[in-house]
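Residue numbers (our numbering): 43 to 310.
The beta-carbon is built from N, C-alpha and C at its ideal position, and this holds for glycine as well.
Take a look at the structure below.
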Amino acid sequence: MTTMPVIAAAEWGGEFEGALDPISALFEFPAILDLGPLSINRTILIAWFMTLVAGLIFVVAFRNPQIVPGKLQAACEAIVEFVRENIALEIIGPRGTKFVPLLTTFMVFIFFMNFAKITPFMMLPPTSRAAWPLFLALTAWVVYVGVGIKEQGFGSYFKELAFPPGVPKVLYVILTPIEVVSNLILRPFTLAVRLFANMVAGHILIVITLVAIHVFLPSFPVGWSLGVFALLVSPAVFGFELLIIILQAYIFTMLTAVYIASSMEPAH
Numbered sequence: 043m044t045t046m047p048v049i050a051a052a053e054w055g056g057e058f059e060g061a062l063d064p065i066s067a068l069f070e071f072p073a074i075l076d077l078g079p080l081s082i083n084r085t086i087l088i089a090w091f092m093t094l095v096a097g098l099i100f101v102v103a104f105r106n107p108q109i110v111p112g113k114l115q116a117a118c119e120a121i122v123e124f125v126r127e128n129i130a131l132e133i134i135g136p137r138g139t140k141f142v143p144l145l146t147t148f149m150v151f152i153f154f155m156n157f158a159k160i161t162p163f164m165m166l167p168p169t170s171r172a173a174w175p176l177f178l179a180l181t182a183w184v185v186y187v188g189v190g191i192k193e194q195g196f197g198s199y200f201k202e203l204a205f206p207p208g209v210p211k212v213l214y215v216i217l218t219p220i221e222v223v224s225n226l227i228l229r230p231f232t233l234a235v236r237l238f239a240n241m242v243a244g245h246i247l248i249v250i251t252l253v254a255i256h257v258f259l260p261s262f263p264v265g266w267s268l269g270v271f272a273l274l275v276s277p278a279v280f281g282f283e284l285l286i287i288i289l290q291a292y293i294f295t296m297l298t299a300v301y302i303a304s305s306m307e308p309a310h
């Protein structure tokens, strides 16, 4: 996104006759390398970089584990232990142990993708592009549906899903479409939309804050007070967004565990 029209508006005291970029410009990035069906843009590069950083952190932390862990090993162990105790075992139960690697991967990956939103020289979370949340949600969908089929059998899983036991048969006319749509469509859809919407909103909020500082702070006396205000509240904005970054990674992982748990046992 170019801020030149905004800067010009400030420098001319608001008397700018051009047009500002539409808000969609915040999410439009031309291909850096175009290989036909495969194109690499800034979002892809950020995603690759943050994935590499996350992977390196855990490789270095556990490459030579110590009985008395160092700070990095202790931090990574704390993350894995948190996912194991507070998500996998608490939500899924004893059988949730085997899902700890998947759930940890979800939480760490989403956190680093989101964290790019407040990382200098990036300032763009790949999860603010719909493809990434959709990919993650579809992965979760494949896992919990696959678990249901494996644990209950193909026919039993979809029968229990479409026709919950203990319900008067006459209500199946209404209940069955609701259950099918809710479990097979709305679950992954809401997982993706929740993550996507929060990252888009946060990205816009941070851009507005930074542009306000950049544009109005130097424009004394025109708009200077607005620039000062934006500068003063910017730590709170970044702190709030950091909270959202962590919270969204946790919520996505926690809900995935809930859906896995619900697929492991037939309804009663």
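{"query": "V242 to P175 span [Cα, whole Å]", "result": "11 Å"}
{"query": "Residue environment, Q290, which counts as buried when at least 16 other CB atoms sit within 10 Å", "result": "buried"}
{"query": "Nonlocal neighbours in the same chain, by C-beta distance under 7 Å from M164, ignoring five residues either side", "result": "I88, A158"}
{"query": "Member of V102, T139, T161 whose CA lies at the smallest distance from the CA of I287", "result": "T161"}
{"query": "Given 8 Å, three or more beta-carbon pairs between the segment 252-259 and the segment 220-235", "result": "no"}
{"query": "Cβ separation of V223 and L247, assumed to be a contact under 8 Å, to the nearest whole Å", "result": "No, V223 and L247 are not in contact; Cβ-Cβ is about 33 Å, not under 8 Å."}
{"query": "beta-carbon V264 near the ligand ADP non-hydrogen atom, thresh 6 Å", "result": "With respect to the ligand ADP, the structure offers nothing, as it holds no ligand at all."}
{"query": "Span separating the alpha-carbon of F177 from that of N240", "result": "16 Å"}
{"query": "Length-filtered (4 minimum) alpha helix (DSSP H) runs lying within the segment 213-251", "result": "214-223"}
{"query": "Euclidean distance between Cα positions of P230 and E123", "result": "26 Å"}
{"query": "One or two residues paired with S81 in a DSSP bridge", "result": "D76"}
{"query": "Selection from F141, G195, Y186, A179 that minimises the alpha carbon distance to I152", "result": "A179"}
{"query": "Secondary structure of S267, DSSP reduced to three states", "result": "helix"}
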